[in-house]
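A.B. asks: Before anything else, here's the structure in question.
There are 4 protein chains.
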Amino acid sequence: MINVGIIGYGYWGPNVARNFNETPGAKVTAISDPDAGSLARAGQIYPGIRLERNCEGLLTAKNLDVIAIVTPVSSHFEIAKTALLNGKHIFIEKPFTASVSQAEELIELAEQKKLKIMVDHTFLFTGAVKKIKELIDGGVLGDLYYFDSIRVNLGLFQKDVNVVWDLAPHDLSIMDYLIDKEPLAVMATGVAHFNHGLEDVAYITIYFPNNVIAHLNVNWLSPVKIRTTLIGGQKKMLVWNDLVSDEKIRVYDKGVEGMEGTKEQSYGLRVSYRSGDMWAPRVNQVEALKGEAAYFIDCINNNRIPQNDGKAGLRVVRMLEAIINSLKAGGKLVHL
Amino acid sequence: MINVGIIGYGYWGPNVARNFNETPGAKVTAISDPDAGSLARAGQIYPGIRLERNCEGLLTAKNLDVIAIVTPVSSHFEIAKTALLNGKHIFIEKPFTASVSQAEELIELAEQKKLKIMVDHTFLFTGAVKKIKELIDGGVLGDLYYFDSIRVNLGLFQKDVNVVWDLAPHDLSIMDYLIDKEPLAVMATGVAHFNHGLEDVAYITIYFPNNVIAHLNVNWLSPVKIRTTLIGGQKKMLVWNDLVSDEKIRVYDKGVEGMEGTKEQSYGLRVSYRSGDMWAPRVNQVEALKGEAAYFIDCINNNRIPQNDGKAGLRVVRMLEAIINSLKAGGKLVHL
Amino acid sequence: MINVGIIGYGYWGPNVARNFNETPGAKVTAISDPDAGSLARAGQIYPGIRLERNCEGLLTAKNLDVIAIVTPVSSHFEIAKTALLNGKHIFIEKPFTASVSQAEELIELAEQKKLKIMVDHTFLFTGAVKKIKELIDGGVLGDLYYFDSIRVNLGLFQKDVNVVWDLAPHDLSIMDYLIDKEPLAVMATGVAHFNHGLEDVAYITIYFPNNVIAHLNVNWLSPVKIRTTLIGGQKKMLVWNDLVSDEKIRVYDKGVEGMEGTKEQSYGLRVSYRSGDMWAPRVNQVEALKGEAAYFIDCINNNRIPQNDGKAGLRVVRMLEAIINSLKAGGKLVHL
Amino acid sequence: MINVGIIGYGYWGPNVARNFNETPGAKVTAISDPDAGSLARAGQIYPGIRLERNCEGLLTAKNLDVIAIVTPVSSHFEIAKTALLNGKHIFIEKPFTASVSQAEELIELAEQKKLKIMVDHTFLFTGAVKKIKELIDGGVLGDLYYFDSIRVNLGLFQKDVNVVWDLAPHDLSIMDYLIDKEPLAVMATGVAHFNHGLEDVAYITIYFPNNVIAHLNVNWLSPVKIRTTLIGGQKKMLVWNDLVSDEKIRVYDKGVEGMEGTKEQSYGLRVSYRSGDMWAPRVNQVEALKGEAAYFIDCINNNRIPQNDGKAGLRVVRMLEAIINSLKAGGKLVHL
């Protein structure tokens, strides 16, 4: 039995706790949160477990195997480091850390201690992302051309992070998983409309090898909620709309192929088009976090490396850092 | 009666001809096109008018008052210049010219000759854009925050221009009209996936004074056609979907206002949100080109300056030139 | 403090229990369900309360003021009658009873005993239905022309009721509330495609005074889920789509007015059309059952008659009975 | 060369004329319309052809092989009969005639004279209906369960026909083509809200053998335009939305199958569900009338019987007559 301690029981923590607790072979035995009301709610659902306002006790507790860190990113490094030093595997909210160097230090520490890190890139465990991954890896889309994502809605503004740190980690972790290539460079533009000086609208371009381009549109000031990703490939193209309950993924048998054409007409085309059926594969409707929790327990029990390990977390943080640097430098191209 | 000569009778020319011909006080009396088939079609509809494969005759014809230039942009300057030198008002396809200097020369020439130039920014004459203009100028939206437009579809690839020259002039002319401010700088990223080296995917940011930001997403490789513009203002926000027949414009009584808040909670908010009704004003379904043709004839008869005059055309070309320069320089910020 | 006993803790019972328990001034103190697993789940959430597999104990328990009956309709009458005889107010699932005579008997019994009956017409407490009611009662729509509802999806087939008993009570209770007139007659057509002989597709017309017509389309064999209601009025018309999260209700400033026209053209019109803006009023997103539970407690404490009382339940059952009779008689018009 | 005379050049006539004129082997050589303006428009497009305000001349003209009758239904019979008596093939607007007996007389007359009748059931020649026919005939949907169509919009009210005669012929002809079975009975309900006494809202049920049920919802008082048909089959189900430009047809791998189940649980299911992918086959975007005109010319030249011959027209008129009878008799079941 793997004993899990939860640090942070605010908005997302209850979901993490519930899913680990329901995973066969795991049990939530301790929860900490500085807020008394949050702790009381935890106590109602998990009567009899250890509840503390301070997280230190959990980090050093003998009987905990896993620490799930569900706190703001600014506190991630210290908590994670202490947990690793005390021999705990860690499950940690995204973004992994506030900087590349922090991420690197934690990864190294975990390797020394032979401990697992899993960064909570929850979307990788949704039916939609799994299906898209399957389509890409199975060659259905062919070579990729672009990955274009829109993630906009009204707020929530946060005190200490801009819209990039808030919304982009979702897309960056999904993109990292699906494209599965090291990005070459990033460039970002954006604006802060309010007095706290944090961007609320931002546009991010990410260059990959082989002319693959990714673009993220993140916006806290949109009147409508949009969660749409277009992925263009040589063979097929797809649209993923995460806000519809059915037919989230539409695969279009549409495409363009370059031709050797030399004809010099006014509006001459050097490409040929293909426009065929559309197909919406059935997507399993599972609770992503449930699968993720079970997967982490399995990785620990069988000593496997999670796909969303510290290195995956680091890749996302590295992009975030470069995006922020590009924004600060007025949209400069930042090589990775 | 104002006599109009049409140069270019391919895809768009027939619409220009028809609308000028149906405008009271105007008459199409000559059409030229190098293609014999196009000329024959013109002859069927306008029996008895002058038809020529070469445009020179029209440019010097005594009895023509207006020359409508509906040819590829590369030929605009020479044709327009000759027309102006021969004392003709010109109606010219967008983009106005292939370069800023060409546009400036034509504007100066027209001023000397006291002739009108109207650049065919057709969208300004649609019910949708007129309604949005009315909402902005009437203060309904309040101060603008952003203008975010997506114009993507599958092809058509063109031989000599990239996706920016093909699709962005629409958005740039609309944006120029609606925002009505001089842009400060542009930045663009993009990729060419085919061997002709012309970008088929591009992302453009345009900075305006007062933190207004505009962004255009243009893509020839999208499986779905999207024509959506989000405009965020301090008081209201709107979404314009040009592909639906009804309710093209939705105005949301949603917004965010900055507060002086100093509270330092973990996820503290320093803004307040407003979320109310949505309202879709009725949009007149008029043929934009019909209104535009009538407006041009009126500007000539009453010696008025068209809103979409040479200077408006120049502003769009100046942005296009800067966007191309930014793309060529790997996404450099180009000041205007 | 009002003590509530819940009878039936299957699919919907847990929601009823939770909402009554969270209502100030009320408390769930007993739950019965024949299924041991259901009882165990109840025990986890309400530790220490009375749990019984048989409902009789609850019906005669001294310390219970309200019995919530969340069981299949076939058992409603016996349970409700016993509860009333034992002096309990009853909250009862829709449809109220399996027959008109049962409903009438319960209403009479409750009146004698001065007890309240509330039939769980949950939809009446949604933000959408409340808003529509407000629009109709406020005269915004003008005189009603029609009420046209579609409620279709794939299954779930039930053992002992047809699609009418399963799906139509929702629409009938909403319609009864909104139109607020006694229907004159019903007529229904339908088919049973499977061997249990219960209709899985049915179409119901209901005639009201003043030429108001209602129509319900209920179908267990639809590949897509549709929950759309059109309501036409003299002044405005509205569309309610319950499956979208935003803009559930759209009010159209569209209409037709009869004219005295005598002109005898081939396709002459004797009506005039009006086509204006569309407006989507903000709809409160509340948990309907929460408001309903609080309303019932308030009705008991302040001796008010619930709008969804036994008589409302009876009106729905009377229509159901007539619809079934019409179906059985091959679509005969059944007067009410 | 087959010479075609067009009778009626109002709203639809110009389309019929243009398509016959563009069909290889056919030529429009005469047009009649009582309205001088309509005739003038015809003259502009077909300079030099015979134009008459009265149709008699055309009906007896030696050099006409086909008469296309594009007039209100009330005039169909007389014109068609005269045309047939004068040895002309006829192409005639739907609905074929104003009564069953008229249709029967025309069919008999055409048979005697060895002439063709084609009733303009245009929808049968759309890419969408052809694709659905292919799916049904190819067994993709399996045995049909139901055909459920909604055709609603605001107006246009007509002087002498109700909403059934105006809108239902579309659905009836499509249904007749797709289901390809003789209906057993019809039943209709509806209401007239304006003083001319013609129904503006109607609901029609049509019973076919083997428990196939069809339902049509036609309404002139809807704030939104809807053109949606659901077709349920044993193997697959489809939704046809004619108002979208792409993905008009969606085929769902969803279904229900009856089982022998005897289990007597409270909410026991006796069916099994299947829920899989969705697939939107590419639909050819052709001008239906173009294909239809070519097909008629081909039927004449090669002495083939059109699928939409007089008998198809009669089947539609027979259903219309029965529907009207059912409406008049207050929703009585009318056997066919």
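Residue numbers (UniProt numbering), protein chains in the order written: chain A, 1 to 336; chain B, 1 to 336; chain C, 1 to 336; chain D, 1 to 336.
Each residue gets a CB set at the ideal place from its N, CA and C atoms; glycine is no exception.
Can you tell me whether Gly8(A) is buried or exposed? The criterion is at least 16 other CB atoms within 10 Å of its CB, across all chains shown.
C.D. replies: That one is buried.
A.B. asks: Flag this pair as yes or no: are the beta carbons of Ala312(A) and His121(A) separated by less than 8 Å?
C.D. replies: Yes, they are a contact pair.
A.B. asks: Measuring alpha carbon to alpha carbon, tell me which residue in Ile249(D), Leu221(D), Val239(D), Ser275(D) is nearest Tyr252(C).
C.D. replies: When only C-alpha atoms are compared, the closest one is Leu221(D).
A.B. asks: From Val140(B), Val218(B), Val212(B), pick the residue whose C-alpha is nearest to that of Asp171(B); which is it?
C.D. replies: Here the closest residue by C-alpha is Val218(B).
A.B. asks: For Asn210(B) and His89(B), I'd like the C-alpha separation in whole angstroms.
C.D. replies: Cα to Cα, the separation comes out at about 37 Å.
A.B. asks: Tell me the residue span of the alpha helix (DSSP H) that contains Arg304(A).
C.D. replies: Segment: none, Arg304(A) is in no alpha helix (DSSP H) and carries neither H nor E.
A.B. asks: In the DSSP assignment, the alpha helix (DSSP H) including Pro169(A) goes from what residue to what residue?
C.D. replies: Counting along the chain, the alpha helix (DSSP H) containing Pro169(A) begins and ends at 163–179.
A.B. asks: Enumerate in chain order the residues of its own chain whose CB-to-CB distance from Leu59(A) is below 6 Å, with the five nearest sequence positions on each side excluded.
C.D. replies: Closer than 6 Å at Cβ, skipping near neighbours: Thr82, Ala83, Asn86.
A.B. asks: Which class does Leu333(B) belong to by DSSP, given the choice of helix, strand or coil?
C.D. replies: Residue state, collapsed to three classes: coil.
A.B. asks: Quick check: Lys254(B) and Gly233(B), are their CB atoms within less than 8 Å of each other?
C.D. replies: For Lys254(B) and Gly233(B), no; Cβs fall outside 8 Å.
A.B. asks: Cβ closer than 7 Å: which chain D residues qualify as neighbours of His193(C)?
C.D. replies: In chain order: Tyr145, Asn211.
A.B. asks: Pull up the DSSP beta-bridge partners for Gly255(B), would you.
C.D. replies: In DSSP, Gly255(B) forms a bridge with Arg274(B).
A.B. asks: Got a sec? Which residues, its chain only, sit under 8 Å from Tyr46(B) by beta carbon, not counting five neighbours each side?
C.D. replies: Counting only Cβ-Cβ distances below 8 Å, and skipping sequence neighbours, we find Ala17, Asn21, Val28, Ile31.
A.B. asks: Is Gly276(C) close to chain B? Criterion is C-beta to C-beta, closer than 8 Å.
C.D. replies: Chain B contact via Cβ: present.
A.B. asks: Against chain D, which members of the UniProt domain "GFO/IDH/MocA-like oxidoreductase" (130–232) of chain A pass a CB distance test of less than 9 Å?
C.D. replies: Residues passing the 9 Å Cβ filter: none.
A.B. asks: What residue range is occupied by the uninterrupted beta strand (DSSP E) comprising Gly127(A)?
C.D. replies: From DSSP, Gly127(A) is part of no beta strand (DSSP E) but of the alpha helix (DSSP H) over 127–137.
A.B. asks: Pro281(C) touches chain B at which residues, Cβ-Cβ below 7 Å?
C.D. replies: Per Cβ cutoff of 7 Å: Asp277.
A.B. asks: Could you tell me whether the Cβ of Asn19(A) comes closer than 8 Å to any Cβ of chain C?
C.D. replies: Answer no: the Cβ-Cβ gap between Asn19(A) and chain C never drops below 8 Å.
A.B. asks: For residue 362(D) and Lys62(D), I'd like the C-alpha separation in whole angstroms.
C.D. replies: Outside the modelled stretch of chain D, which goes from 1 to 336, sits residue 362(D), for which no answer is possible.
A.B. asks: Would Phe208(C) and Pro183(C) be called neighbours here (beta carbons separated by less than 8 Å)?
C.D. replies: The answer is yes: Cβ separation under 8 Å.
A.B. asks: Can you tell me which of Val66(D), Pro14(D), Gly13(D), Asn15(D) puts its alpha carbon nearest to the alpha carbon of Met1(D)?
C.D. replies: Cα-wise, what sits closest to Met1(D) is Val66(D).
A.B. asks: Hey, how far is the Cα of Ile179(A) from the Cα of Ile150(B)?
C.D. replies: Approximately 23 Å between the Cα atoms of the pair.
A.B. asks: Use the C-beta contact count for Glu247(A): other C-beta atoms within 10 angstroms, 16 or more gives buried, fewer gives exposed.
C.D. replies: That one is buried.
A.B. asks: Let me check understanding here. Comparing Cα to Cα, which of Ile107(C), Leu141(C), Val129(C) lies closest to Leu285(C)?
C.D. replies: Here residue 285(C) turns out to be Gln, not Leu, going by the sequence shown. Among Ile107(C), Leu141(C), Val129(C), the Cα nearest to that of Gln285(C) belongs to Val129(C).
A.B. asks: Taking the straight line between their C-alpha atoms, what separation do you get for Asp298(D) and Gln44(D)?
C.D. replies: Straight-line Cα distance between these residues: approximately 28 Å.
A.B. asks: Going by beta carbon distance, what residues of the same chain come within less than 8 Å of Glu105(B), once the five residues before and after it are set aside?
C.D. replies: Cβ neighbours of Glu105(B) beyond the five flanking positions: Phe77, Lys81.
A.B. asks: Going by other Cβ atoms of all chains shown within 10 Å of its Cβ, with 16 needed for buried, is Ala322(D) buried or exposed?
C.D. replies: The residue in question, Ala322(D), is buried, as its Cβ has 16 or more Cβ neighbours within 10 Å.
A.B. asks: So, using beta-carbon positions, are Pro95(B) and Val317(B) closer together than 8 Å?
C.D. replies: Yes.
A.B. asks: Mind pulling the beta strand (DSSP E) runs of 3 or more residues that sit fully within the segment 36–104 of chain D?
C.D. replies: Listed in chain order, the complete beta strand (DSSP E) runs (minimum 3 residues) inside the segment 36–104 of chain D are 50–52, 66–69, 89–93.
A.B. asks: Between which two residues does the alpha helix (DSSP H) containing Pro14(B) stretch?
C.D. replies: It spans 13–21 - the alpha helix (DSSP H) in which Pro14(B) sits, taken as one unbroken run.
A.B. asks: By a C-beta neighbour count over all protein chains shown, 10 Å radius and 16 as the cutoff for buried, is Met237(D) buried or exposed?
C.D. replies: Buried is the call here.
A.B. asks: Give every residue of the same chain whose Cβ lies closer than 7 Å to the Cβ of Met175(A), excluding the five residues on either side of it in the sequence, and list them in chain order.
C.D. replies: Same-chain partners within the cutoff: Phe147, Ala214.
A.B. asks: Using a Cβ cut-off of 8 Å (strictly closer), state whether Glu257(A) contacts chain D.
C.D. replies: Taking Cβ atoms only, chain D never reaches closer than 8 Å to Glu257(A), which makes this a no.
A.B. asks: How about Trp165(B) and Val70(B): do their beta carbons lie closer than 8 Å?
C.D. replies: No, the pair does not count as a contact, with Cβ atoms beyond the cut-off.
A.B. asks: Could you give the DSSP three-state label for Asp120(A): helix, strand or coil?
C.D. replies: In the structure shown, Asp120(A) sits in a strand (DSSP, three-state: E or B).
A.B. asks: Indicate the three-state DSSP secondary structure (helix, strand or coil) for Ala26(B) in the structure shown.
C.D. replies: Ala26(B): strand per DSSP, three-state reduction.
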